[in-house]
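Chains as they are written, first to last, in the working numbering: chain A, 270 to 405; chain B, 270 to 405.
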């Protein structure tokens with residue numbers, strides 16, 4: 270018995286409007302939900318990328334809440350990696366460059382496969398990598 | 270042009286040994302890598318769950334690093350949700366109960382689908398949810 274897949278991956282952002290533009294327009298992800306001042310969500314393949322404002326999600330729900338979502342919220346630079354083929358990584362380098370987003374690092378892994386790293390507007394470390402680096 | 274999938278989802282943990290036991294034995298995920306004092310990784314479906322010790326990943330790589338992975342590292346309670354069918358959610362409740370892991374919250378979403386929430390040993394908020402809550 271083991272979990273079959275990750276359904277939701279979360280990052281915390283300090284500027285929700287900047288995050289919405291970056292993930293929705295620069296990366297082109299499909300919107301999946303938004304609550305002003307709290308979060309913006311995007312679909313990504315068979316999963317969801319959750320972008321939260323930690324100050325808003327650290328509060329415990331009221332005792333009578335209909336949806337008592339437990340509190341959470343981290344501070345600092347998180348990490349998330351998107352799948353990409355070799356060709357897609359090249360296309361993303363062009364796209365990110367056009368959008369003024371710096372490529373912070375790029376290298377081949379010892380067992381093959383390549384990664385590029387960049388930052389979202391809140392400083393989270395994002396990556397495009399070939400699933401082959403994990404044997405996937 | 271949009272990312273096709275999330276490949277790696279990251280959480281930060283304060284006790285790496287406890288995290289390894291929890292994710293590897295209680296949740297039963299398949300190991301995918303480990304560096305003592307820094308991280309433990311697990312496969313999950315077509316993705317990877319990365320569990321980092323933030324104190325070890327916040328350091329910038331040396332200028333001549335062969336693999337100059339950019340620094341990152343968050344503090345506080347992160348969030349990650351695994352996919353599960355209705356039947357699987359019931360089985361996980363039993364499994365978590367047997368392992369002494371409290372179910373912090375459980376509810377049905379307004380549009381259908383159910384979630385259960387619990388904590389990893391570092392306090393991260395974990396969830397099992399039916400992909401139907403996202404129309405997936």
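All residues carry an ideal CB built from backbone N, CA and C; glycine is no exception.
- Not a single C-beta of chain A is nearer than 8 Å to the C-beta of residue 285 of chain B.
- B:387 is the residue among B:387, B:359, B:361, B:379 whose C-alpha sits nearest the C-alpha of residue 372 of chain B.
- Residue-level contact check: residue 297 of chain A touches chain B, since one or more beta carbons of chain B fall below 8 Å from its beta carbon.
- Nearest to residue 326 of chain B by C-alpha distance, out of A:394, A:314, A:309, is A:394.
- One alpha carbon belongs to residue 271 of chain A, the other to residue 300 of chain A, and they sit about 29 Å apart.
- One Cα belongs to residue 291 of chain B, the other to residue 370 of chain B, and the distance between them is close to 10 Å.
- Residue burial annotation: residue 400 of chain B is buried, with at least 16 other C-beta atoms found within 10 angstroms of its C-beta.
- Counting C-beta pairs closer than 8 Å gives three or more between the stretch 273–289 of chain B and the stretch 310–325 of chain B, which meets the contact rule.
- If the five residues before and after residue 357 of chain A are omitted, its C-beta is found closer than 8 Å to the C-beta atoms of 397, all from its own chain and listed in chain order.
- In the structure shown, the three-state DSSP call for residue 318 of chain B is strand.
- Closer than 8 Å to the CB of residue 391 of chain B there is not a single CB belonging to chain A.
- Under the Cβ criterion of 8 Å, residue 376 of chain A is counted among the residues facing chain B.
- At a cut-off of 8 Å, the C-beta of residue 277 of chain B has a neighbouring C-beta in chain A.
- Taking a contact to require three or more Cβ pairs closer than 8 Å, the stretch 310–317 of chain A and the stretch 373–385 of chain A do not qualify as touching.
- Closest in alpha carbon position to residue 297 of chain B, among B:392, B:402, B:364, is B:364.
- As a beta-bridge residue in DSSP terms, residue 351 of chain A pairs with A:397, B:275.
- Listed by position along chain B, the residues whose Cβ is nearer than 8 Å to that of residue 291 of chain A form an empty set, because the closest Cβ is around 12 Å away.
- Taking the Cβ atoms as the reference, residue 338 of chain B lies roughly 17 Å from residue 353 of chain A, outside the contact range of under 8 Å.
- Taking 9 Å as the Cβ-Cβ cut-off, the stretch 313–331 of chain B approaches chain A at 313, 314, 315, 316, 317, 318, 319, 321, 323, 326, 327, 330, given in chain order.
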